[in-house]
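A.B. asks:
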Amino acid sequence: MPAAKTQSHFKPIQKFKLDYAPIGIAQYESERTGMRVVVVDQKGPKVYGYFTLATEIHDDSGSPHTLEHLCFMGSKSYRYKGVLDKLATRAYSNTNAWTATDHTAYTLETAGWEGFAQILPVYLEHVLVPTLTDAGCYTEVFHVDGTGHDAGVVYSEMQGVQNQQGELMELQARRLMYPEGDGFRYETGGMMEQLRVLTADRIREFHREMYQPKNLCLVLIGEIDQPELLQILDEFEGTIMDDIPSPETPFQRPWVESKRTPPLKKTIVDTVKFPEDDESMGEVLVGFLGPDCNDHLQASALGIMLIYLCGSSVSVLENTLVEKEQLCSMIYYSTDVRPDIAFWFNLSAVETEKLADAEKRLFEVLKETASKNLDMGYMKDCLSRYRRQLKFKCESTGDFFATPIIEDHLFGNRDGKDLRELETLKDLDVLEGWSDQQWRDYLSRWFADAHHVSILGVPSKELSKKLKTDEKARVKAQKERLGEKGLKELAEKLEQAKAENDKPIPDEVLSQFPVPGTSSIHFIPTTTARAGRARQMGKLNNDIQQIVDKDDSDIPLFIHFEHIPSNFVRTKLVMCTGSLPTELKPLLAVYLSNFFMTPITRDGKRIEFEDVVTELEKDTVDYDITSGPGNGELLQITFQVEAEKYSAMIDWLRTTLFSSILDKERLQVAITKMLADIPDEKRSGMDMATAVDSMIHLTRDSSSRSRNTLVKSVYLKRLKKHLAKDPESVISRLKTCIDTLHKPSNFRVYVAANMHNLANPVSSWKSLLSDHNDSAPLQPLDSRKSKLSEISKNPGNTAYIVPLSTIDSSYALLTSRGPDSWSHPDLPALMVAQSYLDAVEGPLWTAVRGTGLAYGTGFSRSTDVGLLTLRIYRSPDTFKAFTAAKKEVENYATGATPFDKFALEGAVSSIIMGFADEQPTMGSAANLSFVNQVIRGIPKNWNDEMLEKVRKVSEEEIKDVLKRLIMPIFNPETTNLVVTCATIMEENLVKAFTDAGFKPEVKSLSDFEDDYGLENIEGDDDEEDDDEEEEEDGSEDGSEGEDDSSEGEDDEE
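For the sequence shown, the residue numbers in our numbering are 68 to 1120.
1. Pop quiz: Pro131 and Thr255 are said to be a contact at Cβ under 8 Å. What is the actual Cβ separation, rounded to whole angstroms?
2. Based on the DSSP output, what are the partners of Leu934 in its beta bridges?
3. Assign Ala963 to one of two classes, buried (16 or more other C-beta atoms within 10 Å of its C-beta) or exposed (fewer than that).
4. Using a Cβ-Cβ cutoff of less than 8 Å, which residues in the same chain neighbour Asn230 once the five nearest sequence positions on both sides are dropped?
5. Could you pull the start and end residues of the alpha helix (DSSP H) that Glu567 belongs to?
6. Quick one: residues in its chain with C-beta nearer than 8 Å to the C-beta of Ile572, no 5 flanking neighbours on either side, listed in chain order?
7. If contacts are defined as beta-carbon pairs under 8 Å, then Gln986 and Phe590 qualify, I think. What distance do you get, rounded to the angstrom?
8. Is Met372 near the ligand GTP, going by C-beta to nearest heavy atom under 7 Å?
9. Can you have a look at Ala544 and say buried or exposed, based on whether 16 or more other CB atoms are within 10 angstroms of its CB?
10. Expressed to the nearest angstrom, what Euclidean distance is found between the alpha-carbon atoms of Met642 and Pro696?
11. Among the residues of its own chain, which have a CB less than 7 Å from the CB of Thr168, if the five just before and after it don't count?
12. Label Gln109 either buried or exposed according to how many other C-beta atoms from any shown protein chain fall within 10 Å of its C-beta, with 16 as the threshold for buried.
13. With DSSP collapsed to three states, give me the class of Leu85.
14. Met443: buried (16+ other C-beta within 10 angstroms of its C-beta) or exposed?
15. How would you label Lys639, buried or exposed, when you count the other beta carbons within 10 angstroms and need 16 or more for buried?
16. Let me know the secondary structure DSSP gives Cys204 once reduced to three states.
17. From the DSSP output, in three-state form, read off Tyr222 for me.
18. Could you check how far apart the C-beta atoms of Asp212 and Ala564 are, in whole angstroms? I think they sit under 8 Å.
19. Looking at the structure shown, is Asn958 part of a helix, part of a strand, or coil, going by DSSP?
20. Helix, strand or coil: how does DSSP classify Lys333 here?
21. CB Thr177 to CB Ala158, shorter than 8 Å?
22. For Asp887, tell me which candidate among Ala921, Lys852, Ala914 and Gly919 has the shortest Cα-Cα distance.
23. Reducing DSSP to helix, strand and coil, say where Phe467 ends up.
24. Taking the alpha-carbon positions, what's the Ile80 to Leu450 distance?
25. Spatial neighbours of Val336 within its chain, please: CB distance less than 6 Å, with the 5 preceding and 5 following residues excluded, ordered by chain position.
26. Going by the beta-carbon positions, is the gap between Glu36 and His76 smaller than 8 Å?
27. So is Glu98 buried or exposed if we call it buried at 16+ other beta carbons inside 10 Å?
28. From Asp475 to Ile291, what does the alpha carbon distance come to, in whole angstroms?
29. Report the rounded CA-to-CA distance for Asp86 versus Leu489, giving the unit in angstroms.
30. Tell me where the beta strand (DSSP E) around Ser831 begins and ends.
31. Would you mind working out which of Glu972, Ala993 and Lys1058 sits nearest Ser1021, comparing C-alpha positions?
32. Quick one: what's Gly289 bridged to in DSSP?
33. Just to confirm the assignment: which complete alpha helix (DSSP H) runs, minimum length 4, are found wholly within the stretch 585-655?
34. Please report how far the alpha carbon of Leu894 lies from the alpha carbon of Ala743, in whole angstroms.
35. Can you tell me whether Val497 is buried or exposed, with buried defined as 16 or more other CB within 10 angstroms of its CB?
36. Spatial neighbours of Glu1040 within its chain, please: C-beta separation below 6 Å, excluding the five flanking residues on both sides.
Printed below as a string of structure tokens:
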């Protein structure tokens, strides 16, 4: 007779199903430790875990952030750095973590439940019973290296952000909004000066205080075996009872049982300077304290009011401050859920001399709005659209429910009643009945008449110089104080700590965890059908194709369908840009910005853009126009609508494509907004490295290059003058662009929907073609390969170092040749090699990030163009990071370092996880099918075919691609190098890379600008003479090409 099953210590608090989505939620609590679990039952191949602790501290030491990093360094039963991630990698999993002001969350994303279940107890032990060694603190948090420079993974991370504009402004706002002793006041990431003196004992003390099971909530989302989950947790709890504080020990719940934030007693307007050579543009940040987060009706009203005020180009604040008065390039809002919700307005790209005026004008508009009748029709539209978007996110975002559940753990009632609010949308029903006066009273109370904190962010060239001078002097004094002997001792101490941290993991530790099967990974199936010109790709025979065939009448339009069980229709209309003349391609930036923001003609009447946007928002869940998909040379117009709005969506496509009016004032607004954003775009070191990289690797005929910040910064200034002097010439050129692009022979349409419920799936598209029949052959897709420059085709002997005054760190991109087709014989081995090298706690991680030489490194490949890139992200010295990476790869290529069999298994598992990452939801699965078949020209099941090849890759094949393909990235003769760095780093980096055989040229951003031959009209506003100085900063993602490999930055450093 089988033994009776042990009763679980985890008791259900509640279980319920949402009434607006096919999702169930179950909540449990352990009677033994108080640990909480919330499970969201949701279909898909991925399981998401968020292991969340409320963390409150009243200083800037950075203890919460450093602890988040140190928990990955080993645990009671697994006392080896990296063991968790090596196990997770083998189990189709990614780990990560983040530290917020009010909580720390450890994440586990896995393809399938089986791998998740295997890793869960190991991960939880790392969180609750970590080793927290002195050696781990020394390397991971802060140390001074043998050259006298500050280092450490956490320190390097905060060094890269502490003096950024947004960080400085937000910290000062919190200092003014929250009094001393209020935890929301402090920088939980750690201030650099405090990280330098933070001790391991202080971190351990914070762990004992906060990292208790009763303060932990496990949020799990996906297809989860709940009985098995509770059994795993029961067994895990039994292993830690002697290591945790007694569950009976009194515990003050962070935030909820702390002293409540007092209301603001007065309005404060303060100025914060941030380092920036370009002093033309600043920002405004305005913060308020709002309603109690557990007053759900009031909290919902706040969300709707923010959308009404600031949700789109027709909302009152954006329409007034951005579109009409052009005081800023954008105004957006954000909220921080706290016992009293904090909410913020950010006005970006404000002319420095107008910062105070812009802040004042914001409140004038708020008071004017509250003083007269609101547009109740638009308010109801906001409510309806919010409801639609909420339902859409339930099926299109795998981890959508993580945030509200985490917020409930932090601030909700323990009986579960606040969590239960997720069950319905009843608050929206109540708000539908609110009167004009109720909304105006709400607006007055929380916005127009409320005390607030306003921060005027002022760019300062002087501060930029001072920070660099002070840091140089501090490091010099540190070196002198330590002396040669002290530096030598520090170098030895660092080596000892690294040796202790990097003790090899015994095989038996890893071998006890076999690679899980893949049977629990449930990829979402989609069914393809084709109509019109898409049928030239081949005949399909399935039930969805039969539905399509019944409605197909040889329509001269390329239409690709994907059947998914969705309540919504997702549509893309894809256009090629190759036929545009080169000199007109920079106009694409204006074309994209203006597309939905311009008047139209309807029945012979002009409809203003505000009315267009209002109607669009009524009919859609969302809409956009961007580059892509899968190819940065293409453009895509995207719509998400309810099924009954399918024909209305097609009408909108026809209207926006063929009935738009090119209006001088609207074009001027678009150009002004884009120009205002450029100084901010140039403040990012990584984005500027990417922008320079794009300028040198793509030809002028590339449409993605033409939209680069380094083109826009000069071209748009000139275009603005042309528009003022001769608007018809600019409009004529834009009309040429439109006439070239807007041809049915240049359209490829993608529709993902529940085809059983979609009326007239093909014939509805006839309305798009009315009066616009196009018998020309279908235009071939743009080839990114044809847009490569000569140095892309033959990399080598090209190296640029670009100093930026706005950053405190350095970034590098190294590019060489790689496989140039999806069927290339080297591709499987390269995928395994890349996965092996880039693994968390893998070779590059331990050699570069683990030693504090960079926040992150990673290889990416652009298979369609045949380029391989190594990225070094946020490094105190990119050359040292480069050297460490080169040595590591070289050792594997030559056989000096043998491959680890467990890591090789993990590399293959990571590729499987990557495939799951591409298609976690039904919408993303359908999109991948379209991109593979239509854009990339590869089979729908390419992933399955490649996985078979990947599993067969041998060690010798990996060594071979390391030698032939990856090592050339480190050879000055076969790689192109782009570095952006703090100005203080320029001299050392030039010397180091020169000594390594590179021939680096020091350039400013303006050296890479391209005006595409647009004549400069002299005028009063001619600022181009200042570009040389202005553009030594940071920017936008200049390269809009598509990488087919990912390398996200982890926060667990």
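Built from N, CA and C at the ideal position, the CB exists for glycine as well.
C.D. replies: Considering the structure as presented:
1. About 4 Å separates the two Cβ atoms, so the contact holds.
2. Beta-bridge pairing links Leu934 to Arg884 and Ser929.
3. By the neighbour-count criterion, in which a residue is buried when 16 or more other Cβ atoms sit within 10 angstroms of its Cβ, Ala963 is exposed.
4. Phe341, Pro342, Leu534 and Asp875, listed in sequence order.
5. Element bounds for Glu567: Lys528 to Asn568.
6. These residues qualify, in order along the chain: Tyr147, Gly149, Val150 and Lys153.
7. Right, the Cβ-Cβ distance comes to about 6 Å (below 8 Å), so this counts as a contact.
8. Questions concerning the ligand GTP fall outside what the structure shown contains, since it holds no ligand whatsoever.
9. The residue is exposed, with fewer than 16 neighbouring Cβ atoms inside 10 Å.
10. One C-alpha to the other measures close to 10 Å.
11. Answer for Thr168: Phe251 and Thr255, listed in chain order.
12. With 16 or more other Cβ atoms from the protein chains shown falling within 10 Å of its own Cβ, Gln109 counts as buried.
13. Residue state, collapsed to three classes: coil.
14. Exposed.
15. The residue in question, Lys639, is buried, as its Cβ has 16 or more Cβ neighbours within 10 Å.
16. When DSSP states are grouped into helix, strand and coil, Cys204 belongs to the helix group.
17. Correct three-state label for Tyr222: helix.
18. That belief does not hold up - the Cβ atoms of Asp212 and Ala564 are roughly 11 Å apart, past 8 Å.
19. Helix at Asn958.
20. Here DSSP, grouped into helix, strand and coil, assigns Lys333 to coil.
21. With respect to Ala158, Thr177 sits close: the two C-beta atoms are nearer than 8 Å.
22. Nearest to Asp887 by C-alpha distance, out of Ala921, Lys852, Ala914 and Gly919, is Lys852.
23. Residue state, collapsed to three classes: coil.
24. Going by the C-alpha atoms only, they are around 32 Å apart.
25. Closer than 6 Å at Cβ, skipping near neighbours: Ser521.
26. In the structure as shown, the chain starts at 68 and stops at 1120, and residue 36 therefore has no counterpart that could be examined.
27. It counts as exposed.
28. Cα-Cα distance, rounded: 21 Å.
29. Taking the straight line joining both Cα atoms gives about 9 Å.
30. Where Ser831 is concerned, there is no enclosing beta strand (DSSP E), because DSSP gives it neither an H nor an E.
31. Among Glu972, Ala993 and Lys1058, the Cα nearest to that of Ser1021 belongs to Glu972.
32. Per DSSP, Asp108.
33. Within the stretch 585-655, the complete alpha helix (DSSP H) runs of at least 4 residues are 610-618.
34. Going by the C-alpha atoms only, they are around 43 Å apart.
35. Exposure of Val497 is indicated by the presence of fewer than 16 other C-beta atoms within 10 angstroms of its C-beta.
36. Within the same chain, and ignoring the five residues on either side of Glu1040 in sequence, the residues whose Cβ sits closer than 6 Å to its Cβ are Gly863.
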